[in-house]
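**Student:** Have a look at this one.
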Amino acid sequence: MTKCIGSMATIDDARGATKHIVLQDNYALPELTATRDTFEAMGAEHAALLSALRQANGTRNLLRNEVIGMMSEFSLRARGFKQHPVFAEACEALRTDIVPTSSINKIVEAAAVTMQEWQKIDTVVATAIPHPFLLSNGVSLEQFTTKVTALQVSGVAVIMAQGAVRNSAASRRQFIKETIRPRLTEYRQLVKALYPRNHIFVVTLPRLNPPPGSTPDAVTLRGGWDVTGQMAALIWTACKHPDLEAYEIRVCLDTVYHADEDEVVGRVSKDTLHYTTTYGLADHEDRAVFRVYAITKTGRERGSNNLMVIRPMALPVAV
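All residue numbers for the sequence shown refer to the numbering used here, where the first residue is 5 and numbers rise by one.
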């Protein structure tokens, strides 16, 4: 749009104040500029929603790790009192299938079992059994319950943030389709009608689509968390497209890749087939899904397979 604004301004200057380019509905340079500003504001709002989604993901992941850690500690401590029937029953009932990649619903279901068994233990007052039963730092059943509730809320917050991002992306696509593209198309057609095809104003008209050319083949992405370097290490196969210009690395901070929510974290030359980053992986058990896009000189692109990277915990915790 900015290129079209510059093109229209140049033509308006050449034509004089009384012969400015005017499209249907008296749509001229000021209106085109206002449309551009509106679209930029929509972009800023979308960026803010992406930031809110990152924050929501971070909060959820932190709570997920805390709840899993508490359940792990409860299981370990319960086994220490397994000679008592109530603890033996708890050890049998506790879920053992929870891993850092488990869904929030699955973790909450397992936590409900933990809370149920914890409640049974707290109702038993017997010699050599601590009462109430506490985790390290004095964490009680009530505090654990509060943490699980917060995890549930954080899961809902992520879903809502994802929905807001997708709605924002849809609104931007609709604005392009219904407002921007028709006006730019009309402008190009009018200029071509006013001037010969070899006129500088026609030759320099901004394109609405990439020049003709084929779409590159998708590369194959591999990699994972580099324990030594403490970062995500990505490698991919080479794209053989003759007009290849660069590779772009994009990420979604979740367990699923949504193109409406992705962010560009890096761009490398066509001769580079690797990339390292800690983006979205600042804390233990953070997770991010990456794609590498092959991009041609004409702007055509194609994304790779998805690759989820999880930053491991500093020390393994048994569940």
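Glycine included, C-beta positions come from ideal geometry on N, C-alpha and C.
Indicate the three-state DSSP secondary structure (helix, strand or coil) for phenylalanine 294 in the structure shown.
**Tutor:** Along the sequence shown, read from residue 1 onward, the residue named residue 294 stands at position 290. Looking at phenylalanine 294 - three-state DSSP - the assignment turns out to be strand.
**Student:** Helix, strand or coil for isoleucine 25 per DSSP?
**Tutor:** Here residue 25 is taken as the residue at index 21 of the sequence shown, counted from 1. Isoleucine 25 falls in the coil class under three-state DSSP.
**Student:** Valine 293 to proline 316, Cα distance in whole Å?
**Tutor:** Reading the sequence shown from its first residue, position 289 is the one you call residue 293. Reading the sequence shown from its first residue, position 312 is the one you call residue 316. For valine 293 and proline 316, the distance between alpha carbons rounds to 15 Å.
**Student:** If contacts are defined as beta-carbon pairs under 8 Å, then glutamate 190 and leucine 27 qualify, I think. What distance do you get, rounded to the angstrom?
**Tutor:** As a working note, residue 190 is residue 186 in the sequence shown. As a working note, residue 27 is residue 23 in the sequence shown. With a Cβ gap of about 5 Å, glutamate 190 and leucine 27 count as contacting.
**Student:** Assign serine 175 to one of three DSSP states: helix, strand, or coil.
**Tutor:** Start at 1 with the first residue of the sequence shown, and residue 175 comes out as number 171. DSSP places serine 175 in helix when its eight states are reduced to three.
**Student:** Would you tell me roughly how many angstroms separate the C-alpha atoms of alanine 60 and aspartate 290, rounded to the nearest one?
**Tutor:** Position 56 of the sequence shown holds residue 60. Position 286 of the sequence shown holds residue 290. Using only the alpha carbons, I get a separation of about 12 Å.
**Student:** Find out if the Cβ-Cβ distance for the pair alanine 115, valine 162 is shorter than 8 Å.
**Tutor:** Position 111 of the sequence shown, counted from the start, is the residue given in the question as residue 115. Position 158 of the sequence shown, counted from the start, is the residue given in the question as residue 162. Their beta carbons are not under 8 Å apart, which means alanine 115 does not touch valine 162 by this criterion.
**Student:** Assuming cysteine 256 and aspartate 221 form a contact by the criterion Cβ under 8 Å, report the distance between their Cβ atoms to the nearest whole angstrom.
**Tutor:** Residue 256 sits at position 252 when you count from the first residue of the sequence shown. Residue 221 sits at position 217 when you count from the first residue of the sequence shown. Their Cβ separation, rounded to whole angstroms, is 22 Å, which puts cysteine 256 and aspartate 221 out of contact at 8 Å.
**Student:** Measuring alpha carbon to alpha carbon, tell me which residue in Met235, Ala263, Tyr297 is nearest aspartate 287.
**Tutor:** Your numbering for residue 287 matches position 283 in the sequence shown. Here the closest residue by C-alpha is Met235.
**Student:** What are the boundary residues of the beta strand (DSSP E) that includes glutamate 252?
**Tutor:** Position 248 of the sequence shown, counted from the start, is the residue given in the question as residue 252. Counting along the chain, the beta strand (DSSP E) containing glutamate 252 begins and ends at 248 to 256.
**Student:** I'd like the span of the beta strand (DSSP E) that includes glutamate 70, first residue to last.
**Tutor:** Counting from 1 along the sequence shown, the entry for residue 70 is found at position 66. Unbroken run through glutamate 70 is the alpha helix (DSSP H), 33 to 84; no beta strand (DSSP E).
**Student:** Would you kindly work out how many angstroms separate the C-alpha atoms of lysine 196 and valine 206, rounded to a whole number?
**Tutor:** Start at 1 with the first residue of the sequence shown, and residue 196 comes out as number 192. Start at 1 with the first residue of the sequence shown, and residue 206 comes out as number 202. For lysine 196 and valine 206, the distance between alpha carbons rounds to 6 Å.
**Student:** Using only the alpha-carbon positions, how far apart do arginine 201 and arginine 40 sit?
**Tutor:** Against the sequence shown, residue 201 aligns to sequence position 197. Against the sequence shown, residue 40 aligns to sequence position 36. The straight-line gap from Cα to Cα measures roughly 27 Å.
**Student:** Could you tell me if proline 320 is buried or exposed, where buried requires 16 or more neighbouring beta carbons within 10 angstroms of its beta carbon?
**Tutor:** Sequence index remark: in the sequence shown, residue 320 carries index 316 (1-based). Here proline 320 scores only 43 on pLDDT, less than 50, and its place in the model is too uncertain to base an answer on.
**Student:** Report the rounded CA-to-CA distance for tryptophan 122 versus glutamate 267, giving the unit in angstroms.
**Tutor:** Taking the first residue of the sequence shown as 1, we reach residue 122 at position 118. Taking the first residue of the sequence shown as 1, we reach residue 267 at position 263. Going by the C-alpha atoms only, they are around 42 Å apart.
**Student:** Sort Ile239, Arg254, Val231 by Cα distance to isoleucine 314 and report the nearest one.
**Tutor:** On the sequence shown, position 310 is the one that residue 314 refers to. Per the Cα distances, Val231.
**Student:** Indicate the three-state DSSP secondary structure (helix, strand or coil) for glycine 20 in the structure shown.
**Tutor:** Position 16 of the sequence shown, counting from 1, holds the residue named residue 20. In this structure, glycine 20 counts as coil in the three-state DSSP scheme.
**Student:** Where does methionine 5 fall in DSSP's three states?
**Tutor:** Position 1 of the sequence shown, counted from the start, is the residue given in the question as residue 5. It is coil, neither helix nor strand.
**Student:** Does the count of Cβ pairs from the region 59 to 77 and the region 86 to 95 closer than 8 Å reach three?
**Tutor:** Touching, no.
**Student:** Between the Cα of threonine 364 and those of Asp29, Thr22, Thr302, Ile125, spot the shortest distance and give me the residue it belongs to.
**Tutor:** The question about residue 364 has no answer here: the residues shown for the chain are numbered 5 through 323.
**Student:** Tell me, to the nearest whole angstrom, how far the beta carbon of leucine 225 is from that of valine 169; I am working on the premise that it is less than 8 Å.
**Tutor:** Position 221 of the sequence shown, counted from the start, is the residue given in the question as residue 225. Position 165 of the sequence shown, counted from the start, is the residue given in the question as residue 169. No, leucine 225 and valine 169 are not in contact; Cβ-Cβ is about 23 Å, not under 8 Å.
**Student:** Starting from aspartate 230, trace the beta strand (DSSP E) both ways and give me its first and last residue.
**Tutor:** Position 226 of the sequence shown, counted from the start, is the residue given in the question as residue 230. 225 to 230 is the extent of the beta strand (DSSP E) around aspartate 230.
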